[in-house]
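Numbering-wise, our numbering comes out as the position in the sequence shown, counting from 1, plus 201.
Think of the CB as a built atom: it goes at the ideal place given N, C-alpha and C, for glycine as much as any other residue.
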Amino acid sequence: MLKLNLKRLLIDDAKRWYKLASAQLAIAGGVIVAGVVADPTIVGQVVAVLPAALVPFAPPVVGVIAAAVPIVVRLWRQTPPSTPAPATD
202 MLKLNLKRLL IDDAKRWYKL ASAQLAIAGG VIVAGVVADP TIVGQVVAVL PAALVPFAPP
262 VVGVIAAAVP IVVRLWRQTP PSTPAPATD
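Structural data, given as structure tokens:
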């Protein structure tokens with residue numbers, strides 16, 4: 202039988218994944234994408250409020266931000282998530 206040892210593949214704090222900034226960013230990005238998919242007119246409304254001179258620059262700027270922010274957040278030094286105190290019996 203094939204035994205898969207996931208613990209050696211994951212980071213030490215994998216149990217507290219929701220406290221990591223990269224996971225929080227991924228959740229926020231997922232919510233934004235879900236909102237755009239649910240109502241695609243949102244993109245048109247946002248572009249409509251931009252000055253005409255900035256509209257051509259919007260796609261490259263959004264692309265650079267979408268690529269750079271996850272990389273920066275992943276590389277940013279984070280304080281380790283607090284470890285729960287051991288239970289005393």
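Three or more C-beta pairs under 8 Å: does that hold for the region 269-279 against the region 219-233?
Output reads yes: the region 219-233 touches the region 269-279.
Near I243, what residues of its chain come up, given a Cβ to Cβ distance below 6 Å and the 5 sequence neighbours on each side ignored?
By 1-based counting over the sequence shown, the position of residue 243 is 42. Same-chain partners within the cutoff: V237.
Assuming the contact rule is C-beta atoms closer than 8 Å, A215 and Q279 should be a hit. Round their C-beta distance to whole Å, please.
For the purposes of this step, residue 215 is taken as the residue at position 14 of the sequence shown. For the purposes of this step, residue 279 is taken as the residue at position 78 of the sequence shown. With a Cβ gap of about 14 Å, A215 and Q279 do not count as contacting.
Among residues of its own chain, excluding the 5 on either side of V256, which ones have a beta-carbon nearer than 7 Å to its beta-carbon?
Indexing the sequence shown from 1 puts residue 256 at position 55. Around V256: V248.
State the start and end residues of the unbroken alpha helix (DSSP H) segment that holds L226.
Along the sequence shown, one-based indexing puts residue 226 at 25. 222-239 is the extent of the alpha helix (DSSP H) around L226.
Distance, Cα to Cα, P261 vs A239?
Here the question's residue 261 lines up with position 60 in the sequence shown. Here the question's residue 239 lines up with position 38 in the sequence shown. One C-alpha to the other measures close to 23 Å.
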